[in-house]
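Structure record follows, encoded as structure tokens.
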Ligand code: PLP
């Protein structure tokens, strides 16, 4: 007898993966240039030059047994120091390397954070639309995930719904801004309201409610917008960061968890993070890329390409009559489907070779996600297909 829960997880492909596989098959049939695949959030902007330089220097100049050897379990001290120094410089915090734990990307950061905090009976709350893996990550750690219903007016937080879901069982909140799939950045006003409620409720329940900030898209913001740094608003914050999108390194699997030094029981929570990393087998994140990060900690991929793509697709689709919120960040556009059932809409879109992801799995039926981290040519070439698609509904 083995775990049915794991068999189910391992056999059921996500809708996104399903679409991606379909797109690859379709490309062999009609040519890749005729398939408008907007399914995956895989950065199409290369990693900055400093990443290549750092890899070359490290490979050429380091002792290979050290370069490819185990690092200390939470990560190289030098890397954790570079990260904590940089966070302090940017956000005026006072972190030390002993608040940073190196991970294999945001997914691992989330799993470690949830594992570190959870005891049986705990609940986490997140906000629709949300990254569907949160359900997997919380459930597998023995916690329940409650989802705040969407505020379709502006995709900020629906506070009425949020207040109804809070309870003494609430261990933590998972927040993702810039958001996948809406591209929305939570405003400072939203963050202030959220953290005020969390402070009040922590007091009322007599235990801290932790705020887990999932931030793989922090650097992908447009028009100079600032994304509030949550540790500056709420002491019981853990940041789950990743270089997958900011440095276009999703396949290298590198990120970190940062625990606020202001947290009530900061050193105990950091110890639990180290323990969860150990228990889950997430120790010694990839050595080469830890050392690359130490050298490129201030770098970001050229995000002007995403901004240009956002403008082309947003302006193109709204001109055609599609309804969507203008994203301030990430590389997704969340569009209202032209019929109630987003799955049926996506099936019709497929007939025009448009591969769009239905919003249902993000907790937001009736919407579809477009990943615009694709070539400019694909975006421009797809607009006539979107025009044909909307004609079907007129
Ligand atoms: N969180 C969100 C909101 C994401 O969109 C993703 C990946 O797309 C992740 C976490 C996982 O990121 P990583 O590749 O760093 O594990």
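In my numbering, the protein residues as written are 2 to 395.
Each residue gets a CB set at the ideal place from its N, CA and C atoms; glycine is no exception.
Please state the DSSP three-state secondary structure of residue i.
| i | result |
| --- | --- |
| residue 215 | strand |
| residue 27 | helix |
| residue 10 | helix |
| residue 202 | helix |
| residue 315 | helix |
| residue 335 | strand |
| residue 326 | coil |
| residue 177 | strand |
| residue 395 | coil |
| residue 301 | coil |
| residue 102 | strand |
Does the beta-carbon distance from residue i to residue j come in below 8 Å?
| i | j | result |
| --- | --- | --- |
| residue 333 | residue 371 | yes |
| residue 104 | residue 258 | yes |
| residue 1 | residue 383 | Residue 1 is absent from the model: the chain starts at 2 and stops at 395. |
| residue 163 | residue 183 | no |
| residue 179 | residue 107 | no |
| residue 158 | residue 119 | no |
| residue 226 | residue 329 | yes |
| residue 174 | residue 199 | yes |
| residue 293 | residue 55 | yes |
| residue 79 | residue 295 | yes |
| residue 374 | residue 44 | yes |
| residue 271 | residue 100 | yes |
| residue 196 | residue 235 | yes |
| residue 59 | residue 67 | no |
| residue 243 | residue 256 | yes |
| residue 239 | residue 260 | yes |
| residue 331 | residue 49 | no |
| residue 366 | residue 347 | no |
| residue 391 | residue 323 | yes |
| residue 248 | residue 305 | no |
| residue 368 | residue 345 | no |
| residue 313 | residue 355 | no |
| residue 387 | residue 281 | no |
| residue 133 | residue 15 | yes |
| residue 39 | residue 363 | no |
| residue 92 | residue 230 | yes |
| residue 74 | residue 277 | no |
| residue 297 | residue 71 | no |
Looking at the ligand COA, does it come within less than 7 Å of residue i, judged from the CB to the closest heavy atom?
| i | result |
| --- | --- |
| residue 131 | What this structure holds is the ligand PLP, not the ligand COA. |
Which ranges does the alpha helix (DSSP H) cover as unbroken runs of at least 4 residues, wholly within the stretch 31-100, from first to last along the chain?
50-62, 65-68, 78-92
Can you give, in chain order, each stretch of the beta strand (DSSP E) that sits fully within the stretch 209-269 and has at least 3 residues?
Complete beta strand (DSSP E) runs here, min 3: 211-215, 238-243, 256-260.
As a quick check of your reading: which residues have a C-beta less than 6 Å from at least one non-hydrogen atom of the ligand PLP, in chain order?
42, 106, 107, 108, 132, 177, 181, 215, 217, 243, 245, 251, 256
Do the stretch 203-222 and the stretch 67-84 make contact, defined as three or more Cβ pairs closer than 8 Å?
no
What ranges does the beta strand (DSSP E) occupy inside the stretch 107-161, keeping only unbroken runs of at least 3 residues that lie completely in it?
If only uninterrupted beta strand (DSSP E) runs of at least 3 residues are considered, those enclosed by the stretch 107-161 are 124-128, 145-149.
Alpha helix (DSSP H) runs contained entirely in the stretch 337-386, provided each spans 4 or more residues:
343-352
Is it true that the stretch 140-156 meets the stretch 108-116, where meeting means three or more beta-carbon pairs spaced less than 8 Å apart?
yes
Counting Cβ pairs closer than 8 Å, one from the stretch 54-71 and one from the stretch 308-322, do we hit at least three?
Verdict: no, contact absent.
Are the stretch 17-27 and the stretch 348-361 touching, with three or more C-beta to C-beta distances below 8 Å?
yes
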